[in-house]
Amino acid sequence: MRSTITERGQTVVPAEIRRQFHLSPSDRLEWVVDSQGIRVVPVRANPIAAFRGQGKGGSTQRLLQDRKEELVGE
């Protein structure tokens, strides 16, 4: 499956992927860069459960920091 990146840096998640992973408009995605390339990981309501085993690149710490900043901004 493919999608195009717009001039504003936006792209569309293909419908088949949204259905398979039960993604909705309010869901967030974590972009992880590693030696293999780029991985896109859905962020669930419980970030610890969603990233269990994925934190080798610091994704969990970044996600928790983002959540903390969001709470401060509310």
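In the UniProt record's numbering, the protein residues as written are 1 to 74.
Heads up, the beta-carbon is just placed ideally off N, CA and C, and yes, glycines get one too.
Asked, Found
"Host beta strand (DSSP E) of E30 (start-end)", "R28 to D34"
"C-beta atoms of L63 and P42 nearer than 9 angstroms", "no"
"Terminal residues of the alpha helix (DSSP H) in which G73 lies", "S59 to G73"
"Close beta carbons around T11, own chain, < 8 angstroms, minus the five adjacent residues each side", "S3, T4 and I5"
"Limits of the unbroken alpha helix (DSSP H) element including I17", "A15 to Q20"
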